[in-house]
Amino acid sequence: MRVSVTLLQYEHGIIRQVIDVLGEMVKHNSMKKHQGQMKHIVKFLDEYLDRYHHGKEEKLLFPMAAKRSKELVPEIAKLVSEHTEARASIAKMKTMITTDSAYADGSLAAVSKQLVDSMIRHIRHEEDVVYPKTEEALSLDDDLKLIKKYEVFNAPFGPDFARLGEEFGVKLQDDVLGPGFFSGIN
Ligand SMILES: [Fe+2]
Ligand SMILES: [Fe+2]
1 MRVSVTLLQY EHGIIRQVID VLGEMVKHNS MKKHQGQMKH IVKFLDEYLD RYHHGKEEKL
61 LFPMAAKRSK ELVPEIAKLV SEHTEARASI AKMKTMITTD SAYADGSLAA VSKQLVDSMI
121 RHIRHEEDVV YPKTEEALSL DDDLKLIKKY EVFNAPFGPD FARLGEEFGV KLQDDVLGPG
181 FFSGIN
């Protein structure tokens with residue numbers, strides 16, 4: 001086990017909570033009804049998913065993993081290009097959530113669905129393939145160095161950022177899907 005990987009796996013859990021709610025909204029065609037929440041969801045995707053989580057992968061974990069395992073280099077390049085695609089979808093959503101026609105003509109739902117499907121696949125691939133290989137490749141010293149770098153990286157987001165992200169995920173599920181909707185589902 002490497003704590004530098006476990007910490008990012010924990011973030012995957014929070015991201016999945018929010019992504020799954022967005023997926024349910026697309027499935028039930030209920031985005032318009034939850035228009036007020038969409039603003040918060042896109043803010044979370046921009047700040048927590050893109051800047052905070054993908055930022056740590058791209059700037060800290062992946063470069064260290066690529067240095068230690070050549071086998072991981074093409075895998076990581078693919079993951080980073082998926083981050084770039086996600087960033088583009090989030091930028092589109094930012095504009096769309098303020099435009100009534102994007103709710104009415106289904107374009108917001110289409111971009112959201114693309115992001116949800118791609119991020120679910122992406123996180124699964126990291127969890128099943130890339131993170132386990134990274135854990136094998138990193139030494140305990142690498143792990144310690146990364147944890148310290150995470151602390152420096154996370155600091156500008158503020159001391160409450162992680163907790164607020166987690167609380168948002170739980171509250172969003174309860175508000176949109178009803179209390180306990182996902183209980184028992186992991
Ligand atoms: Fe990633
Ligand atoms: Fe990730």
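Per our numbering, the very first residue in the sequence shown carries number 1; after that it's consecutive. Don't be surprised by glycine CBs; every beta carbon is placed ideally from N, CA and C. Predicted model only: the values in this text are computed from it and were never measured.
How is the alpha helix (DSSP H) around residue i delimited, first residue to last?
{"i": "Pro132", "result": "Tyr131 to Ala137"}
{"i": "Leu108", "result": "Ser107 to His125"}
{"i": "Tyr103", "result": "Asp100 to Ala104"}
{"i": "Glu47", "result": "Counting along the chain, Glu47 falls outside any alpha helix (DSSP H), and DSSP gives it neither H nor E."}
{"i": "Asn154", "result": "Leu140 to Asn154"}
{"i": "Gly169", "result": "Phe161 to Leu177"}
{"i": "Met93", "result": "Leu72 to Met96"}
Sorry if obvious, but does the Cβ on residue i come closer than 6 Å to a heavy atom of ligand 2?
{"i": "Glu135", "result": "no"}
{"i": "Glu85", "result": "no"}
{"i": "Glu47", "result": "no"}
{"i": "Glu127", "result": "no"}
Does the beta carbon of residue i fall short of 6 Å from some heavy atom of ligand 1?
{"i": "Glu166", "result": "no"}
{"i": "Leu60", "result": "no"}
{"i": "Leu79", "result": "yes"}
{"i": "Glu57", "result": "yes"}
Might you give, ordered along the chain, the residues of its own chain that have their beta carbon closer than 7 Å to the beta carbon of residue i, omitting 5 neighbours on each side?
{"i": "Glu11", "result": "His53"}
{"i": "Lys32", "result": "Tyr103"}
{"i": "Val5", "result": "Tyr131, Thr134 and Glu135"}
{"i": "Gly169", "result": "Ile14, Gln17 and Val18"}
{"i": "Pro74", "result": "none"}
{"i": "Leu146", "result": "Ser4, Leu60, Leu61 and Met64"}
Beta-carbon within less than 6 Å of residue i's beta-carbon, same chain only, minus the 5 sequence neighbours each way: which residues are those?
{"i": "Leu164", "result": "none"}
{"i": "Ile123", "result": "His12"}
Is residue i near ligand 3, judged by its Cβ being under 6 Å from some heavy atom?
{"i": "Leu8", "result": "Inclusion of ligand 3 in the displayed structure is not the case, the ligand content consisting of ligand 1 and ligand 2 alone."}
Ignore the nearest five residues each way along the sequence and tell me which others in residue i's own chain have a CB closer than 8 Å to its CB.
{"i": "Gly55", "result": "Phe153"}
Subject >> At least 3 beta-carbon pairs within less than 8 Å: the segment 57-73 vs the segment 127-146 >> reply: yes
**OP:** Would you check if there are 3 or more beta carbon pairs closer than 8 Å linking the segment 16-34 to the segment 112-124?
**Re:** yes
Original post:
Are there three or more Cβ pairs, one per stretch, closer than 8 Å when the segment 43-51 is compared with the segment 82-101?
Top reply: With a cut-off of 8 Å, the segment 82-101 and the segment 43-51 count as touching, because enough Cβ pairs lie within range.
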